[in-house]
Every structure is written in structure tokens, then in C-alpha cells.
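Take a look at the structure set out below.
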Amino acid sequence: MICQQCGFAHKTQFLVCPECSTYQFRETSSFTSLLVSFILASLVFGLTLFAIKVSDGPNASSGFAFIITSHWINSIIVLISYWAIFLILGKILDYLKQRKVLAIFLDAKIMSLLSKKGSLSPENFHDTIHEIRNELIEKGCRDVTDYIIFDLIRKTLYHLESVQQKEEINNILSYHAQLSHSKIEESFTMLKVFYWAIPILGFIGTVLGIGVAIGAFSTFIASGSDSVGLKNSLVEVSKGLSVAFDSTLIALAFAVILLPIGTFVENLFINLITQSEEYALSFITPNMDFP
4 MICQQCGFAH KTQFLVCPEC STYQFRETSS FTSLLVSFIL ASLVFGLTLF
54 AIKVSDGPNA SSGFAFIITS HWINSIIVLI SYWAIFLILG KILDYLKQRK
104 VLAIFLDAKI MSLLSKKGSL SPENFHDTIH EIRNELIEKG CRDVTDYIIF
154 DLIRKTLYHL ESVQQKEEIN NILSYHAQLS HSKIEESFTM LKVFYWAIPI
204 LGFIGTVLGI GVAIGAFSTF IASGSDSVGL KNSLVEVSKG LSVAFDSTLI
254 ALAFAVILLP IGTFVENLFI NLITQSEEYA LSFITPNMDF P
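For this note's numbering, add 3 to where a residue sits in the sequence shown, where the first one is 1.
What follows is the structure, given as C-alpha cells:
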């Protein structure tokens, strides 16, 4: 982990920088997840092409194999769709981790710690945060600053030294919950780009295919060929129309699958933030002790 203020680096995560005493908070950069998902999508796409070459040979004539290999626009549509699929899978894995941490907060040990008199006072809340951190690490949740509920509670409790009214603390809690909601929406931005980019690529494929078909037929008319030439031109026309319809088909098919699943996963995260806020309102602010 690297301190966000002074750059101090350590192999394990820390809540307060040992060098500059700056509180460390959850980072929201999505570049790593985008890069990993793209690499995985590229590998799967490469394996798909290899499987097509092995099973159908270089000249696939039907099915999904033909659609992918018939035009470069179809290959791009499939690759980006694979990329979106792995992004969604990454979000699902992250959600499962977040749910695990929320379940740990409902364990008797943490519940008893929060209900202990004086544990959430301005003098002792730092120790309580560190005890919760240690409990999470013991349960296998090492990247503690990456968990929504822990990050939300930390940010709220850090105001205890300056704000000692529960109503104000609840307002601060709601504010940080809104920030978490905004960060979740931001993390799904790239997926939302894919939702409209994939159908647009399908329509681009339609235009390209129709252009190929019209070009082939125009060439025949301009050359004044015989029936053999007509047959050859019709073959090129049918290839162009095939690209037009196939690109639209696979683009819309992937979009119809990805959009509801991605939206469902995003709603799971939003509900998780709501549950985390309700947890804090039920078990954090009622147990705060002020002098």
C-alpha cells in the first residue's frame, strides 16, 4: 500500500500512515480492473479463434464461427462483448467480497465490540476501528480499506472528535453514503459505454455490409457481364448482406444479455450501500458516547 499523501509504501495495508499520520481511504481507480478484464477477454477471444480454426478450419461456413470470421467488425464486437462480460464478472466477485464483510459486521464479536460502553467515544473510537480491522484480517479480508461498510464507518467515526451531536453525525453518515453511491456509479461508467457502443458497432457493420453488397452489384451493372458474372456478383451481394445482418444480430444479442445483468449487479451495489448505511444508523450512532 502507498500513502496517498507522502508516498510511503508498505507491503500491507495501513489505516494511518506511519510516516505522516494521514488517514488512508478507499481508492476508486478502475484502470487495473479494466486492464485485467481486457487481457482476459483477449485470451478468451484468441482461444475462440483457435478453437474455430481447429474444428472448422480456416473457412468456417456456418454458425457462430462464420459470424466471427466473416468480417473484422464482427470480431471487434465479440471482443468488446467479452471485455464487458469479464468486467461484470469482476464486479460480481467484488460484490461477493463486500457481502462477506457485511456478514462479518453482523458477527457477535463485532456487535459486542460496538455495543461496549465507551468503545465509540471520541477517546476510544480509534482503538475500536483497529480492532475491527484486525477482526476482518483474521477472517481473510485483508484489503480493509476497499470494503464499503468499513470505509463508511471509518469516515463517519473520524468526525467524532470535532462533531459531538448524533444528528450531525447522521448527516455526515448520509453524506458519505452518497459519496459511495457516486463512486459506484462512476465504477460502472465503462460498462455503460459498452452498452451503447456494442449496438452502434452492430449498426456500423450493417452499413459496411450493405455498402459491400451495393458495390458488388454496381460493379456487375457497370461491367455488363453475362449470367456467370451475375452469379458471381450475387455471391458478393449475399456476402455483404450476410455481414450486415450478422453484425446487427450478434451486437443486439450481446447488448440484450449484458444490459440487464450489468444493471442488476449495479443495483446490488446500491442496495449494499443502503444496507451499510442502515447498519451504521442502527448499531453505530446509537452506541456513540459523548462527554
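No residue lacks a Cβ here, since even glycine has one placed at the ideal position from N, Cα and C. Keep in mind that this is a model prediction, so the values were computed, not measured.
* Could you tell me if Y178 is buried or exposed, where buried requires 16 or more neighbouring beta carbons within 10 angstroms of its beta carbon? => Translated into the one-based positions of the sequence shown, residue 178 becomes position 175. With fewer than 16 Cβ atoms within 10 Å of its Cβ, Y178 is classed as exposed.
* Range covered by the alpha helix (DSSP H) that runs through Q101 -> By 1-based counting over the sequence shown, the position of residue 101 is 98. From DSSP, the alpha helix (DSSP H) with Q101 extends over 75 to 108.
* Asked: Taking just the CA atoms, how far does S250 sit from K142?
  -> The residue labelled residue 142 in the question sits at position 139 within the sequence shown. The residue labelled residue 250 in the question sits at position 247 within the sequence shown. Cα to Cα, K142 sits roughly 48 Å from S250.
* **C-alpha gap between I287 and S84, whole angstroms** => Here residue 287 corresponds to residue number 284 of the sequence shown, with the count starting at 1. Here residue 84 corresponds to residue number 81 of the sequence shown, with the count starting at 1. When rounded, the distance between both Cα atoms is 43 Å.
* Asked: Residue ranges of each alpha helix (DSSP H) run of no fewer than 4 residues wholly in the segment 146 to 208, ordered along the chain?
  -> 151 to 160, 169 to 190
* Asked: So, using beta-carbon positions, are V215 and V259 closer together than 8 Å?
  -> Residue mapping note: residue 215 aligns to position 212 of the sequence shown, counting from 1. Residue mapping note: residue 259 aligns to position 256 of the sequence shown, counting from 1. Result no, Cβ atoms of V215 and V259 do not sit closer than 8 Å.
* Is it true that the CB of L261 sits closer than 8 Å to the CB of I91? -> Walking along the sequence shown from the start, residue 91 turns up at place 88. Walking along the sequence shown from the start, residue 261 turns up at place 258. Their beta carbons are under 8 Å apart, which means I91 touches L261 by this criterion.
* **Which of helix, strand or coil DSSP assigns to P125** => Your numbering for residue 125 matches position 122 in the sequence shown. Residue state, collapsed to three classes: coil.
* Presumed contact (8 Å Cβ cut-off) between A87 and L194, rounded CB distance -> Taking the sequence shown and counting its residues from 1, one reaches residue 87 at position 84. Taking the sequence shown and counting its residues from 1, one reaches residue 194 at position 191. About 6 Å; that satisfies the 8 Å criterion.
* Please work out which residues of its chain come closer than 7 Å, Cβ to Cβ, to Q313, disregarding the five sequence neighbours upstream and downstream, and give them in chain order. => This structure gives no information on residue 313, because the portion of the chain shown stretches from 4 to 294.
* Asked: For the 8 Å Cβ check, are there 3 or more pairs between the segment 266 to 285 and the segment 162 to 170?
  -> no
* **Distance, N77 Cα to A256 Cα** => Indexing the sequence shown from 1 puts residue 256 at position 253. Indexing the sequence shown from 1 puts residue 77 at position 74. Their backbone Cα atoms lie some 12 Å apart in a straight line.
* Asked: If you draw a straight line from the alpha carbon of D110 to that of K94, how long is it in whole angstroms?
  -> Here residue 110 is taken as the residue at index 107 of the sequence shown, counted from 1. Here residue 94 is taken as the residue at index 91 of the sequence shown, counted from 1. Taking the straight line from one Cα to the other gives about 25 Å.
* To do: Would you mind stating whether I80 and G205 have Cβ atoms separated by less than 8 Å?
  => Residue mapping note: residue 80 aligns to position 77 of the sequence shown, counting from 1. Residue mapping note: residue 205 aligns to position 202 of the sequence shown, counting from 1. Contact flag set, yes.
* To do: May I have the straight-line CA-CA distance separating A106 from L46, to the nearest angstrom?
  => Locating residue 106 in the sequence shown gives position 103, where the first residue counts as 1. Locating residue 46 in the sequence shown gives position 43, where the first residue counts as 1. Computed Cα separation, rounded: 35 Å.
* 7 Å Cβ shell around P202 - same chain, five flanking residues per side excluded -> To locate residue 202, count along the sequence shown from 1; it is residue 199. Within the same chain, P202 has close Cβ partners A254, L255, A258.
* Asked: Applying the criterion that 16 or more other CB atoms from any shown protein chain within 10 Å of the CB defines a buried residue, is F297 buried or exposed?
  -> No statement about residue 297 is possible, as the shown extent of the chain runs from 4 to 294 and does not include it.
* Between the C-alpha atoms of A75 and G212, what's the straight-line distance to the nearest angstrom? -> Here residue 75 corresponds to residue number 72 of the sequence shown, with the count starting at 1. Here residue 212 corresponds to residue number 209 of the sequence shown, with the count starting at 1. Reading the sequence as shown, one finds Trp at residue 75 and not Ala. Their Cα atoms are separated by approximately 11 Å.
* Would you mind giving the Cβ-Cβ distance between F291 and I207, rounded to the nearest angstrom? I have them listed as a contact below 8 Å. => Looking up residue 291 in the sequence shown gives position 288. Looking up residue 207 in the sequence shown gives position 204. In the sequence under discussion, the amino acid at residue 291 is Met, which differs from the Phe named in the question. No, M291 and I207 are not in contact; Cβ-Cβ is about 57 Å, not under 8 Å.
* What number of angstroms, rounded off, separates the C-alpha of H162 from the C-alpha of F248? -> As a working note, residue 162 is residue 159 in the sequence shown. As a working note, residue 248 is residue 245 in the sequence shown. Using only the alpha carbons, I get a separation of about 59 Å.
* C-alpha distance - P125 paired with H133, whole-angstrom precision -> Here the question's residue 125 lines up with position 122 in the sequence shown. Here the question's residue 133 lines up with position 130 in the sequence shown. Looking at the two C-alpha atoms, the distance is approximately 14 Å.
* To do: Label D130 either buried or exposed according to how many other C-beta atoms from any shown protein chain fall within 10 Å of its C-beta, with 16 as the threshold for buried.
  => On the sequence shown, residue 130 is found 127 positions in, with the first residue counted as 1. By the 10 Å Cβ count, D130 comes out exposed.
* Asked: Between the Cα of H184 and the Cα atoms of I71, I140, L271, I70, which residue gives the shortest distance?
  -> As a position in the sequence shown, residue 184 is number 181, starting the count at 1. Nearest of I71, I140, L271, I70 to H184, Cα basis: L271.
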